[in-house]
Amino acid sequence: MIYFTGDTHLREARGLRIDRRPFASVAEQDAALIANWNNVVGEDDEVWHLGDFARGDQAAIEQLLTQLNGRKHLIIGNNDPEATVAAQGWASVQHYAELRLEGHHLVLCHYAFRTWNGMGKRSINLHGHSHGRLKPMPRQVDVGVDAQGFRPVSLQTILTNKRWARLKSPDASAG
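First residue of the sequence shown: 2, per the numbering used here; consecutive thereafter.
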């Protein structure tokens with residue numbers, strides 16, 4: 002299974018202050034995000050993290066990565082320091098990726114796009130950065146934890162969400 006997430010901001014108080022996350026402390030936030038991740042993601046699954054993973058030195062980042070299930074890919078966000086980017090534990094690290102999954106063309110970036118590759122051919126832009134505050138365009142999904150119940154989501158979860166029901170078929174007429 003392949004999952005998507007972003008904007009975990011582990012080891013940061015940012016989420017508590019700016020995003021008003023429902024946790025009493027950074028330690029509580031981190032424990033909940035790690036538990037939620039591991040409750041969804043199995044050891045053999047893949048996770049695409051769309052930026053803003055965590056703060057800390059490289060050893061701290063690597064220690065966090067060892068606590069999380071799955072094979073992890075990083076799409077670099079604006080709050081990912083060199084320690085995060087260079088950490089051992091990522092299967093891949095890049096600013097942008099495109100995937101073909103379950104008959105869908107996915108465009109992955111930390112940032113939401115106004116236009117993206119294949120937009121007119123029903124591709125889907127998955128992003129983070131906006132913490133659930135940006136009104137999405139059609140076929141665009143914020144997969145950050147603040148917009149997705151503080152856990153990674155599968156493409157199937159995205160496609161079965163009532164709001165995205167029109168995305169179920171890659172062959173459906175443009176809407």
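Where a beta carbon is used, it is the ideal one built from N, C-alpha and C, also for glycine.
DSSP three-state assignment for residue 39, whether helix, strand or coil: Counting from one through the sequence shown, the residue named residue 39 turns up at place 38. Residue 39: helix per DSSP, three-state reduction.
Residues near residue 171 in its chain [Cβ-Cβ closer than 7 Å; skip 5 each side]: Your numbering for residue 171 matches position 170 in the sequence shown. Reliability fails at residue 171, whose pLDDT of 42 lies under 50, so the model's placement of it is uncertain and no value is given.
Cut-off 7 Å between Cβ atoms - residues of its own chain near residue 59, not counting five sequence neighbours on either side: The sequence position of residue 59 within the sequence shown is 58, counting from 1. Result list for residue 59: 84, 87 and 88, in chain order.
Chain-order list of residues whose beta-carbon lies under 7 Å from that of residue 16 (same chain, five-residue window excluded): Within the sequence shown, the letter at position 15 stands for residue 16. Closer than 7 Å at Cβ, skipping near neighbours: 10, 22 and 30.
Delimiting residues of the alpha helix (DSSP H) encompassing residue 86: Translated into positions along the sequence shown, residue 86 becomes position 85. 83 to 87 is the extent of the alpha helix (DSSP H) around residue 86.
Distance, residue 19 Cα to residue 134 Cα: What you label residue 134 is simply residue 133 of the sequence shown in a count that begins at 1. What you label residue 19 is simply residue 18 of the sequence shown in a count that begins at 1. Spanning the two alpha carbons is a distance of roughly 12 Å.
Beta-ladder partner(s) of residue 155, from DSSP: Here residue 155 corresponds to residue number 154 of the sequence shown, with the count starting at 1. Looking at the DSSP assignment, residue 155 forms a beta bridge with 4.
Environment of residue 185 [buried if 16+ CB atoms lie within 10 Å]: Because the chain spans 2 through 176 in this model, residue 185 falls outside it and cannot be assessed.
Residue closest to residue 100, alpha-carbon to alpha-carbon, out of 121, 73, 125 and 69: By one-based count along the sequence shown, residue 100 stands at place 99. Nearest of 121, 73, 125 and 69 to residue 100, Cα basis: 125.
Pairwise C-alpha distance: residue 67 and residue 196: No answer is possible for residue 196: it lies beyond the span of the chain, which begins at 2 and ends at 176.
Reduced DSSP category for residue 119 - H, G, I as helix; E, B as strand; rest coil: The residue labelled residue 119 in the question sits at position 118 within the sequence shown. Residue state, collapsed to three classes: coil.
beta-carbon residue 107 near the ligand ZN non-hydrogen atom, thresh 6 Å: Here there are no bound small molecules, and the ligand ZN is not part of this structure.
Where the alpha helix (DSSP H) containing residue 149 begins and where it ends: As a position in the sequence shown, residue 149 is number 148, starting the count at 1. Element bounds for residue 149: n/a, residue is neither H nor E.
Integer Cβ distance of residue 38 from residue 69, believed to fall under 8 Å: Reading the sequence shown from its first residue, position 37 is the one you call residue 38. Reading the sequence shown from its first residue, position 68 is the one you call residue 69. With a Cβ gap of about 5 Å, residue 38 and residue 69 count as contacting.
Cβ of residue 60 within 7 Å of any chain B Cβ: Among the chains of the structure shown, chain B does not appear; only one protein chain is present.
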